[in-house]
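Residue numbers (the working numbering): 18 to 146.
Here it is in structure tokens:
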């Protein structure tokens with residue numbers, strides 16, 4: 018399933034992530050999942066929220082550089098080999114993964130994988146097949 022991800026570019030200094038979370042919470046926007054990648058000078062926070070349009074607006078007004086991206090979410094069994102099954106389908110389709118992050122639902126049954134592909138439509142077709 019394709020969903021909108023918000024990417025926020027921020028300085029690599031204390032309090033930046035807290036500011037993002039606080040701004041979203043103040044406007045009653047829930048963060049479903051979050052990934053943080055950093056370098057020496059800056060970081061990129063990637064997140065999926067329950068209202069990406071409002072989330073982008075809130076963060077932009079708070080002074081953050083924000084970009085929306087289409088990503089693909091896939092549900093997999095939360096057991097050894099669950100992710101391997103998905104990877105094999107994507108390999109057979111020849112899809113390139115640009116980045117990915119995941120979260121378990123905590124019930125031991127399912128996990129959610131979030132992917133950015135070079136071709137999201139081709140990847141979705143492979144995952145559905």
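C-beta: ideal position from N, C-alpha, C; glycine also.
Predicted model, so just to flag it, every value in this text is computed and none were measured.
- Here residue 18 is exposed: its Cβ has fewer than 16 other Cβ atoms, across all protein chains shown, within 10 Å.
- Setting aside the 5 residues that flank it on each side, residue 125 is surrounded in the same chain by 95, each with a C-beta closer than 7 Å to its C-beta; the list follows chain order.
- If you look at residue 103, you'll find it isn't in any beta strand (DSSP E); it sits in the alpha helix (DSSP H) that goes 99–110.
- Of the other Cβ atoms in all chains shown, fewer than 16 fall within 10 Å of the Cβ of residue 43; this residue is therefore exposed.
- Per the C-alpha coordinates, the member of 58, 49 and 46 positioned closest to residue 33 is 58.
- The region 66–76 and the region 123–138 do not touch, with fewer than 3 CB-CB distances between them shorter than 8 Å.
- Judged by DSSP in its simplified three-state form, residue 35 adopts helix.
- Distance from the CA atom of residue 23 to the CA atom of residue 134, rounded to whole angstroms, is 16 Å.
- CA-to-CA, the gap between residue 90 and residue 120 works out to about 11 Å.
- In the displayed model, residue 140 falls within a helix according to three-state DSSP.
- In the structure shown, the three-state DSSP call for residue 60 is strand.
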